[in-house]
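Chemist:
Numbering (UniProt numbering), first residue to last: 1 to 91.
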């Protein structure tokens, strides 16, 4: 994943869903923004949420990006966040 995205700008997508057991799950996918064509998306996290709200979703996204790049600050490379705009993401 890190090799694919490299030093490029990237996007992330978060989708909150409920599994068969009724647990709230947040899935985080990232991909490289590339003007020459589409890139392969990479699932970087699938976390169980205690409470599905905007704060817990934001925390999962930030924590997932830190796991992917633990020693680097890539905030300036993070350009787009896509969501499904579900109830839990409304502030």
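Every residue, glycine too, gets a C-beta built ideally from N, C-alpha and C.
Specify the secondary structure class of residue 16 as computed by DSSP and reduced to three states.
Modeler: Residue state, collapsed to three classes: strand.
Chemist: Name the DSSP bridge partner or partners of residue 45?
Modeler: DSSP output for residue 45 lists 28 as bridge partner(s).
Chemist: Between which two residues does the alpha helix (DSSP H) harbouring residue 68 extend?
Modeler: Its alpha helix (DSSP H) spans residues 54-68.
Chemist: Please go through the same chain and pick out, in chain order, the residues whose beta-carbon is closer than 6 Å to the beta-carbon of residue 93, but skip the five residues on each side of it.
Modeler: There is no way to answer for residue 93, as the model of the chain reaches only from 1 to 91.
Chemist: Using alpha carbons as the reference points, say which of 3, 71, 46, 36 lies closest to residue 19.
Modeler: The shortest Cα separation from residue 19 among 3, 71, 46, 36 belongs to 46.
Chemist: Report the residue from 26, 33, 39 whose alpha carbon sits nearest the alpha carbon of residue 58.
Modeler: When only C-alpha atoms are compared, the closest one is 26.
Chemist: Report the CB separation of residue 8 from residue 33 in whole angstroms; it is logged as a contact under 8 Å.
Modeler: Confirmed, about 6 Å.
Chemist: Hey, would you say the C-beta of residue 81 is under 7 Å away from at least one heavy atom of the ligand SAH?
Modeler: The model depicted lacks the ligand SAH and carries no ligand whatsoever.
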